[in-house]
Amino acid sequence: MKIRDNIEYGGSSFLSQIRHNKSIFIVLSIVIIVFNMTYSLAMSVKASSESEITDNQNLCYIEGTSYSDAITTDTLNEIRAIEGVKSAFFHRLISCAIEIKADDDVKEGFMGYQVSAVPVDKRDIEAITGLQLVLGENDIIVNESYHDEGGLQTGTEVFLSYNYSYNEYTGTRKEVKVRIAGFYKQPVLNAWPDDVILVDSSLFDTMQSALYMLSASDIKEAQMDQTAIVIIADDVSNTNKVAGIMKERYETIRLNYALKAAEGLPVFAQAIFVVGGIIVISLIIMSVVVISSTMGNMLKNRLHEIGIIRAIGFKVADVRQLLIIEVTIIALSAVCISMGSFYLLMVLLNVILAKQDLFLLALEISGSQILWSTGITFFTMYIATFKIIGKTSKLNIVEVLRYE
Amino acid sequence: MKLILRDVCKDVTFNDQRIHILTNVNMEIRYGEITAIIGSSGSGKTTLLNIMSLIDRVSSGNYYIGDVNVSSWDDNQKSEFRRAYSSIVFQQYNLVSRLSSYDNVKLPLLVNRRINSSDRRAIVLESLKRLGMEHRKDHKPSTLSGGEQQRIAIARALVNNPATIFADEPTGNVDKGNESIILKAFRDMAEEGRAVIIVTHSETVRDYSNKVFRLKHGEISEVVQ
Numbered sequence: 001m002k003i004r005d006n007i008e009y010g011g012s013s014f015l016s017q018i019r020h021n022k023s024i025f026i027v028l029s030i031v032i033i034v035f036n037m038t039y040s041l042a043m044s045v046k047a048s049s050e051s052e053i054t055d056n057q058n059l060c061y062i063e064g065t066s067y068s069d070a071i072t073t074d075t076l077n078e079i080r081a082i083e084g085v086k087s088a089f090f091h092r093l094i095s096c097a098i099e100i101k102a103d104d105d106v107k108e109g110f111m112g113y114q115v116s117a118v119p120v121d122k123r124d125i126e127a128i129t130g131l132q133l134v135l136g137e138n139d140i141i142v143n144e145s146y147h148d149e150g151g152l153q154t155g156t157e158v159f160l161s162y163n164y165s166y167n168e169y170t171g172t173r174k175e176v177k178v179r180i181a182g183f184y185k186q187p188v189l190n191a192w193p194d195d196v197i198l199v200d201s202s203l204f205d206t207m208q209s210a211l212y213m214l215s216a217s218d219i220k221e222a223q224m225d226q227t228a229i230v231i232i233a234d235d236v237s238n239t240n241k242v243a244g245i246m247k248e249r250y251e252t253i254r255l256n257y258a259l260k261a262a263e264g265l266p267v268f269a270q271a272i273f274v275v276g277g278i279i280v281i282s283l284i285i286m287s288v289v290v291i292s293s294t295m296g297n298m299l300k301n302r303l304h305e306i307g308i309i310r311a312i313g314f315k316v317a318d319v320r321q322l323l324i325i326e327v328t329i330i331a332l333s334a335v336c337i338s339m340g341s342f343y344l345l346m347v348l349l350n351v352i353l354a355k356q357d358l359f360l361l362a363l364e365i366s367g368s369q370i371l372w373s374t375g376i377t378f379f380t381m382y383i384a385t386f387k388i389i390g391k392t393s394k395l396n397i398v399e400v401l402r403y404e
Numbered sequence: 405m406k407l408i409l410r411d412v413c414k415d416v417t418f419n420d421q422r423i424h425i426l427t428n429v430n431m432e433i434r435y436g437e438i439t440a441i442i443g444s445s446g447s448g449k450t451t452l453l454n455i456m457s458l459i460d461r462v463s464s465g466n467y468y469i470g471d472v473n474v475s476s477w478d479d480n481q482k483s484e485f486r487r488a489y490s491s492i493v494f495q496q497y498n499l500v501s502r503l504s505s506y507d508n509v510k511l512p513l514l515v516n517r518r519i520n521s522s523d524r525r526a527i528v529l530e531s532l533k534r535l536g537m538e539h540r541k542d543h544k545p546s547t548l549s550g551g552e553q554q555r556i557a558i559a560r561a562l563v564n565n566p567a568t569i570f571a572d573e574p575t576g577n578v579d580k581g582n583e584s585i586i587l588k589a590f591r592d593m594a595e596e597g598r599a600v601i602i603v604t605h606s607e608t609v610r611d612y613s614n615k616v617f618r619l620k621h622g623e624i625s626e627v628v629q
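Chain order of the listed sequences is R and Z.
Residue numbers 1 to 404, in my numbering, belong to the letters of the first sequence in order.
Residue numbers 405 to 629, in my numbering, belong to the letters of the second sequence in order.
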């Protein structure tokens, strides 16, 4: 039998049975939609994690907290010497305020911003801000969100006010005139509030000694050891390596870094694949049962027709070929219907995701997805029908025609 | 050439009981003649026709087409014979209900790779014309009368120019007018050198036949030349 005749006959048979094929289209569409949703979602999560990792400098930061021994200056120096570490410093903070006023005699009616000061040296400044700056004792670098606030510009002179205790329960404010040496984009760290300004260590020690009623040298001595540390890797790709070395060398320091969470995204994508895969396989098994039963009923209703064509000379192989072509036509139609349904669903979901500002998770259809969907559909159809086709094509002509 | 049956038996098992449908049937059928097989219901006429048309197999005995013993042929060989050298006309017409008259008649040609589509169309229309059914070529079986359906079935049987035509009660469900048209068509076919084997109750068919076998309880009881 010629393929063209086969397609013509199979096509007319398909059209005459199209109402009965509804359930096949429905189950296959469910399988293909779930498969494509899983595939697209996992791919978009993976892609979004990759773009987050390469675009986000926050991922260079590692925060360390010692939960037993304090971290000594020697340890800090060892950490600074680790390959891939750009900078490392103790995590220290003190509350203060930037006040904008003409001179220190003004007591009322001036503008001020509550900020947190962090002491840094030249290496830290370059690592945090990317600026090649040497801070003088009275220089500060301000979070860029304050830029232009109340006229704050690079070079503007302001007052930095801080608490000064002159006895255990009483104190007052003290202030020092400082110059804004620049602005920087503050990294997002768990231990840092949103208002961090960077100051020279000696200015920081001055402010702390005033708070704790100690001399600057005493406070320096007292602050030799700390329990928290901030480490900056020289590149995002080195963050994991540095964290790994840290974990190996300093078991008592608990590390927290954003890349750790970002690393989880590909794992999350894999989890979507695995869970989605299990669901898709279950649905395929269910589809095989449904399709097998539907096709079984359809062919049962056509036994008479098959008996007739066998009686007029169609061989078992001709009938088998005819039925395979029919199944192929059904499978092709199912691919078109299911991919069309998925496309519409995807457009709808992308509109919803866009409204939620989740552009990175926008779903897409790739060529490989279409190939996979086609493969799954054909695989399901053939698995579901090969036994029935074999059985039907070998029917007993006399019995079928006599029964009718 | 002849169709020869030698001691053909057909048994079936039903509820663990062996039932003899045909017992030691011996027949010789010549080409160029109409052969009628007559008998009452249950006498084994249709089974005999099914064996001769190779859609059923003998339980014992031999069936020769010419010099070839076809009793042991496999399914493919039998299909090849049915598609190339014989046709069957059924009592219940056995047309495919979803296909038009034209497509029903075309069916046997689908398995003939040597005929191209334009020749195929001409052959189908010629076959329909021969039975006076050309004007009904686009009609589906459900829109045709019993007689018309049988004529379409005969047109289908003739379309691949078979040497042997087997007909099971071809006039059983048709009126006198259609019966006459059908039998004349069979007579023409026999005159063209074909073997026409008709299973029937009808006495009219007997009048058109060159040879009549009377079947009783699965055995040939009488042969009338």
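In this text, a Cβ means the ideal position worked out from N, Cα and C, and glycines have one as well.
Cβ distance (whole Å) where residue i is taken to contact residue j below 8 Å
i: R:Lys220; j: R:Asp205; result: 6 Å
i: Z:Ser447; j: Z:Lys620; result: 6 Å
i: R:Lys247; j: R:Phe159; result: About 44 Å separates the two Cβ atoms, so there is no contact after all.
i: Z:Ala599; j: Z:Leu407; result: 6 Å
i: R:Thr227; j: R:Ser66; result: 5 Å
i: Z:Leu452; j: Z:Val429; result: 6 Å
Under 7 Å from the C-beta of residue i: neighbouring residues of chain R
i: Z:Leu630; result: The structure shown does not extend to residue 630 of chain Z, since chain Z is modelled only from 405 to 629, so the question has no answer here.
i: Z:Val515; result: Met1, Gly313, Phe314 and Asp318
i: Z:Ser445; result: Neighbours of Z:Ser445 on chain R: none; closest Cβ ~14 Å, over 7 Å.
i: Z:Asn498; result: Ile308 and Leu401
i: Z:Asn454; result: Val398
Cβ of residue i within 8 Å of any chain Z Cβ
i: R:Tyr9; result: yes
i: R:Glu305; result: yes
i: R:Val275; result: no
i: R:Val398; result: yes
i: R:Leu401; result: yes
Residue i in three-state terms, based on DSSP
i: Z:Arg618; result: strand
i: Z:Ser613; result: coil
i: Z:Leu453; result: helix
i: Z:Tyr497; result: coil
i: Z:Tyr718; result: Since the displayed chain Z opens at 405 and closes at 629, residue 718 of chain Z lies outside it and no answer follows.
i: Z:His539; result: helix
i: R:Met346; result: helix
i: Z:Leu514; result: helix
i: R:Glu99; result: strand
i: R:His304; result: helix
i: R:Glu405; result: Since the first residue of chain R shown is 1 and the last is 404, residue 405 of chain R is not available in this structure.
i: R:Asp234; result: coil
i: Z:Gln553; result: helix
i: Z:Ser464; result: strand
i: R:Val274; result: helix
i: R:Ala88; result: strand
i: R:Ala127; result: helix
i: R:Ile279; result: helix
i: R:Thr294; result: helix
Interface flag, residue i vs chain R, CB-CB below 8 Å
i: Z:Asn635; result: Outside the modelled stretch of chain Z, which goes from 405 to 629, sits residue 635 of chain Z, for which no answer is possible.
i: Z:Ile459; result: yes
i: Z:Ser531; result: no
i: Z:Ser464; result: no
i: Z:Ser546; result: no
i: Z:Ser483; result: yes
Where residue i meets chain Z, residues with beta-carbon distance less than 7 Å
i: R:Ser16; result: Arg502
Opposing strand residues paired with residue i [DSSP bridges]
i: Z:Leu407; result: Z:Ile433 and Z:Ile469
i: Z:Asn508; result: Looking at the DSSP assignment, Z:Asn508 forms no beta bridge with any residue, so it has no partner.
i: R:Ala117; result: R:Ile94 and R:Ile197
i: R:Leu76; result: In the DSSP output, where bridge partners are listed per residue, R:Leu76 has none listed.
i: R:Gln57; result: Per DSSP, none; premise fails for R:Gln57.
i: R:Lys177; result: R:Phe159
i: Z:Lys414; result: Z:Leu426
i: R:Met286; result: DSSP lists no partner for R:Met286.
i: R:Phe183; result: R:Val142
Residue i: contacting residues in chain R (beta-carbon distance under 8 Å)
i: Z:Ile492; result: Ala311 and Ile312
i: Z:Arg486; result: Ala311, Ile312 and Gly313
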